[in-house]
C-alpha cells in the first residue's frame, strides 16, 4: 500500500481549475491535497507535455529547445506546486504523452 492518488492529464482534467477565482481554487486544492482534510491525496500523476495533439487539452512542452526550459507553460507544473504547498510529502509522478 502506497497511498491514495489521482491523475491530472490525458484530456485536460484539471485545465479549468486555473481559471477559477482564487478562493474557489484554494477550497478545491485544500480538499484534494491537505492532509487529514477532504481526500488527503498522497500521490499525484501528471502529464508531461510534449506539444502534441494527443488528447483534448494537451499540455505544452516545458522545453522547446535544449537551452531553454520554461515550467510556467500549461497547468501541470502549477498543480504540482499547489499540491506540494499543501502536502510537502505528496509523491509526484510524470507520464509523457508525447515528446517535443
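Residue numbers (the numbering used here): 936 to 1035.
Using N, Cα and C, we set each Cβ at its ideal position, and we do this for glycine too.
A straight line joining the alpha-carbon of residue 1015 with that of residue 1027 spans about 7 Å. With 16 or more other Cβ atoms inside 10 Å of its own Cβ, residue 994 counts as buried. As computed with DSSP, residue 941 is found in a beta bridge with 979. Around the beta-carbon of residue 1022, 16 or more other beta-carbon atoms lie within 10 Å, marking it buried. Excluding the 5 residues flanking it on each side, residue 943 has same chain C-beta neighbours closer than 6 Å at 949, 981, 1014, in chain order.
Counting every other CB atom within 10 Å of its CB across the protein chains shown gives residue 1006 a total below 16, marking it as exposed.
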